[in-house]
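Written below as structure tokens is the structure these notes are about.
Number of protein chains: 2
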Amino acid sequence: MAVYTEVSDEALTAFLAAYDIGGLLSYKGIAEGVENTNFFLHTTAGSYILTLYEKRVRVDDLPFFLNLMEHLATRGLACPQPIRNRGGVALGELCGRPAVIVSFLEGVSVRRPTPDQCRALGQALAGLHAAGSDFGMRRDNNLSVAAWGPLFRGAEAQADGVSPGLADRVRGDLAVLEAGWPRGLPTGVIHADLFTDNVFFIGDDLSGLIDFYFACTDAFAYDLAICLNAWCFDADGTFHHDRGAALIAGYEAVRPLTPDEVAALPILCRGAALRFLLTRLVDWLNVPPGALVQPKDPLEYDRRLTFHRGATRAEDYGRAA
Amino acid sequence: MAVYTEVSDEALTAFLAAYDIGGLLSYKGIAEGVENTNFFLHTTAGSYILTLYEKRVRVDDLPFFLNLMEHLATRGLACPQPIRNRGGVALGELCGRPAVIVSFLEGVSVRRPTPDQCRALGQALAGLHAAGSDFGMRRDNNLSVAAWGPLFRGAEAQADGVSPGLADRVRGDLAVLEAGWPRGLPTGVIHADLFTDNVFFIGDDLSGLIDFYFACTDAFAYDLAICLNAWCFDADGTFHHDRGAALIAGYEAVRPLTPDEVAALPILCRGAALRFLLTRLVDWLNVPPGALVQPKDPLEYDRRLTFHRGATRAEDYGRAA
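Here it is in structure tokens:
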């Protein structure tokens, strides 16, 4: 959460001259987004978010993300809509960085989601999967099962220093996941990072989904598994069955799961937990000097994995039997 | 620039229940303010800034700052207006910190002020001095000449490591300033920190003054001297005569300087530069481990002092002869 790139009033005014969104009233750097610099932007035409993409974002991927947001917003999904400039282009450059203006969404991220909020999330997630079904671009998930072994090998030697026995536990998970990872499940555009920070509510009404910068083409049920991890556990690893039940029921009210997806749910949840354990572990072990961002605790996902290792059926996650 | 205190949706909703400003729509931590945590807050009633005061702010001073902002806003000055809760109280507590909601001001801070913007600043500064003339509270300036010697002694041994010869230069300035600091000038409420970040413009129109957390009771002309330092020099120490002329003329269009103030302007400018040199130097030498804030370069003020040491008359700063 930081402003990595300072933007002067002169640079911003020159940038905005190419857009048809009125005169500049105010802009504030906002302390959100681990990867990019974001400004809240207010013009005479309304409220926007201005994002400058920093080094970790692959510029080649930006057209996928931006076209996807535009596609989803056009189909009525409440997500940021990229604003095209007068030349019809959404992706610009500001202060030497790729930069985009998107519409601002009202709403608040919840810390401790209620079952009702989980149900609303499930419905929105299925709505996203439906709205993306006719999206024409494809982006492989470069953080799926094939990436986990290499990720782990870069952190393996230091893993037990983070938590005794962690390396052995991860080796066990990897063996199971690499051998049994499901293939052939229904696939399409998934969000792949729908944590509570990326979902806005006004009261119990879901008002928007943001941060599509991990979106990719993968199994729909894997997206649901990510949400079960992100929304239905406490930091100590306690699973909230009522939240899981509401999340799955909300999803299936819009898009019922196939029998294969139901059967795969436990291993997908275990894989999703390992994915976040591994990326957090690598970040934890590689905090750059002078970092403005506090790394997230990888062990939250080690504790969730304790639950997943013992789960065998979708019912364990709250799906109606 | 950082969010030092995280505020959950639940804590904020409970806090807002005591206020009559509608329902919560969104809030974002903003990367502004070196000392405090600030959120942009949007409710069904409008836009606000929520400030949580962190450790460096003396809680005993908060009533002075908040009453002053209310006093000035009531007299038509464009500054943040503290919002009182249903109990009539502006100062609350949130997440264990003193906390206040103030009205949001539109506008943009300029990096390189034009003479027209300097003139507008001068008018606003004199307007602030006039609007504060019947303010009933008093707060001594604890960063004036009596504080500079003690501040310097805490940094003296390391000063030459920051810039060769710096300790000698500061000793010379201190001797001149302590011997010749003017007494008996017209006095009242001054802002004392009116840097470009604390002044908003929409185009060339000044739309607001913010950040009154150094405000105190001191000589009006010292406030003008701070602005001359903050607005009329480049980082390399170059003085812009046209900006200084416009700033002083704008000020005097509202409140003409007395002959004593005119005569004192060079030494006041030199003192103001030393004040910022010294506080920046102390911060520079005492960056805490894990600091989220980059300290400001003290040597910018060393370079301005080169100019001030050679200035003898108000005309050197652009005042009409």
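So the sequence lines, in the order shown, correspond to chains A and B. If you're matching positions, the first sequence starts at 1 in full-length UniProt numbering and goes up one per residue. If you're matching positions, the second sequence starts at 1 in full-length UniProt numbering and goes up one per residue. Don't be surprised by glycine CBs; every beta carbon is placed ideally from N, CA and C. Small disclaimer: the values here were computed from a predicted structure and weren't measured.
Cα-Cα separation between residue i and residue j, rounded to whole angstroms
i: alanine 120 (chain A); j: serine 207 (chain A); result: 10 Å
i: phenylalanine 220 (chain B); j: alanine 131 (chain B); result: 12 Å
i: leucine 68 (chain B); j: leucine 91 (chain A); result: 45 Å
i: cysteine 118 (chain A); j: glycine 22 (chain B); result: 25 Å
i: phenylalanine 195 (chain A); j: glutamate 300 (chain A); result: 14 Å
i: glycine 136 (chain B); j: leucine 281 (chain A); result: 57 Å
i: aspartate 9 (chain B); j: glycine 203 (chain A); result: 10 Å
i: valine 89 (chain A); j: alanine 17 (chain A); result: 13 Å
i: valine 110 (chain A); j: aspartate 197 (chain A); result: 7 Å
i: threonine 279 (chain A); j: glutamine 294 (chain B); result: 28 Å
i: tryptophan 181 (chain A); j: valine 170 (chain A); result: 15 Å
i: threonine 114 (chain B); j: glutamine 81 (chain A); result: 36 Å
i: residue 334 (chain B); j: alanine 167 (chain B); result: What the structure shows of chain B is the stretch from 1 to 321, and residue 334 (chain B) is not part of that stretch, so it cannot be assessed.
i: glutamate 93 (chain B); j: isoleucine 30 (chain A); result: 23 Å
i: arginine 84 (chain A); j: proline 164 (chain B); result: 52 Å
i: residue 322 (chain A); j: glycine 122 (chain B); result: Within the shown structure, residues of chain A are numbered from 1 to 321, placing residue 322 (chain A) beyond reach of any answer.
i: leucine 66 (chain B); j: serine 133 (chain B); result: 16 Å
i: glutamate 156 (chain A); j: alanine 14 (chain A); result: 48 Å
i: residue 331 (chain A); j: alanine 235 (chain A); result: The requested residue 331 (chain A) is not part of the displayed model; chain A covers only 1 to 321.
i: valine 108 (chain B); j: glutamate 32 (chain B); result: 13 Å
i: arginine 112 (chain A); j: isoleucine 248 (chain A); result: 17 Å
i: glutamate 70 (chain B); j: glutamate 54 (chain B); result: 21 Å
i: alanine 73 (chain A); j: alanine 192 (chain A); result: 18 Å
i: valine 287 (chain B); j: glycine 154 (chain B); result: 14 Å
Distance CB(residue i)-CB(residue j) smaller than 9 Å
i: phenylalanine 200 (chain B); j: isoleucine 210 (chain B); result: yes
i: residue 322 (chain B); j: proline 298 (chain B); result: Any question about residue 322 (chain B) goes unanswered here, given that chain B covers just 1 to 321.
i: aspartate 205 (chain A); j: serine 144 (chain A); result: no
i: arginine 319 (chain A); j: valine 254 (chain A); result: no
i: isoleucine 190 (chain A); j: asparagine 141 (chain A); result: yes
i: arginine 139 (chain B); j: cysteine 216 (chain B); result: yes
i: valine 102 (chain A); j: leucine 52 (chain A); result: no
i: tryptophan 315 (chain B); j: alanine 126 (chain B); result: Here residue 315 (chain B) turns out to be glutamate, not tryptophan, going by the sequence shown. Their beta carbons are not under 9 Å apart, which means glutamate 315 (chain B) does not touch alanine 126 (chain B) by this criterion.
i: leucine 274 (chain B); j: leucine 174 (chain B); result: yes
i: arginine 304 (chain B); j: phenylalanine 239 (chain B); result: yes
i: threonine 244 (chain B); j: tyrosine 317 (chain B); result: Per the sequence presented here, residue 244 (chain B) reads as glycine, with threonine not at that position. In this structure, tyrosine 317 (chain B) lies closer than 9 Å to glycine 244 (chain B) by Cβ.
i: tyrosine 4 (chain A); j: arginine 86 (chain A); result: no
i: aspartate 242 (chain B); j: leucine 277 (chain B); result: no
i: lysine 28 (chain A); j: lysine 28 (chain B); result: yes
i: aspartate 116 (chain A); j: alanine 246 (chain A); result: yes
i: glycine 237 (chain A); j: leucine 177 (chain A); result: no
i: leucine 50 (chain A); j: leucine 12 (chain A); result: yes
i: alanine 147 (chain B); j: leucine 77 (chain B); result: no
Residue i - containing alpha helix (DSSP H), residue span
i: isoleucine 267 (chain A); result: 259-285
i: glycine 172 (chain A); result: 166-180
i: valine 89 (chain A); result: Run containing valine 89 (chain A): none; DSSP gives neither H nor E here.
i: leucine 299 (chain B); result: 299-310
i: threonine 5 (chain B); result: Threonine 5 (chain B) -> no alpha helix (DSSP H), and no H or E assigned at all.
i: valine 162 (chain A); result: 156-162
i: glycine 132 (chain A); result: Neither: glycine 132 (chain A) is in no alpha helix (DSSP H) and is coded neither H nor E.
Start-to-end residues for the beta strand (DSSP E) that takes in residue i
i: valine 145 (chain A); result: That residue, valine 145 (chain A), is in no beta strand (DSSP E); its alpha helix (DSSP H) goes 145-153.
i: asparagine 38 (chain A); result: 37-43
i: alanine 99 (chain A); result: 97-103
i: glycine 188 (chain B); result: 187-190
i: glycine 318 (chain B); result: Element bounds for glycine 318 (chain B): n/a, residue is neither H nor E.
i: leucine 77 (chain A); result: Counting along the chain, leucine 77 (chain A) falls outside any beta strand (DSSP E), and DSSP gives it neither H nor E.
i: isoleucine 49 (chain B); result: 46-52
i: tyrosine 27 (chain A); result: 24-30
Is the stretch 303-314 of chain A touching the stretch 30-41 of chain B, taking contact as three or more C-beta pairs under 8 Å? Between the stretch 303-314 of chain A and the stretch 30-41 of chain B, the count of Cβ pairs shorter than 8 Å is below three; the stretches do not touch.
Which runs of the alpha helix (DSSP H) at least 4 residues long sit entirely within the stretch 195-251 of chain A? Give them in chain order. With a minimum length of 4 residues, the continuous alpha helix (DSSP H) runs that stay inside the stretch 195-251 of chain A are 220-231.
Is the stretch 155-164 of chain B close to the stretch 179-188 of chain B, with three or more CB pairs under 8 Å? Contact check between the stretch 155-164 of chain B and the stretch 179-188 of chain B: fewer than three CB pairs, one atom from each, fall below 8 Å, which does not count as touching.
Check whether the stretch 50-64 of chain B touches the stretch 96-108 of chain B, counting contact only when three or more Cβ pairs, one atom from each stretch, lie closer than 8 Å. By the Cβ rule, the stretch 50-64 of chain B counts as touching the stretch 96-108 of chain B, because three or more pairs are nearer than 8 Å.
Using a Cβ distance threshold of 8 Å, determine whether the stretch 214-232 of chain B contacts the stretch 253-273 of chain B, with at least three qualifying pairs required. The way I'd put it, the stretch 214-232 of chain B does touch the stretch 253-273 of chain B; three or more beta-carbon pairs between them come closer than 8 Å.
contact_flag[the stretch 6-25 of chain A, the stretch 40-55 of chain A] where n(CB pairs < 8 Å) is 3 or more: Verdict: yes, contact present.
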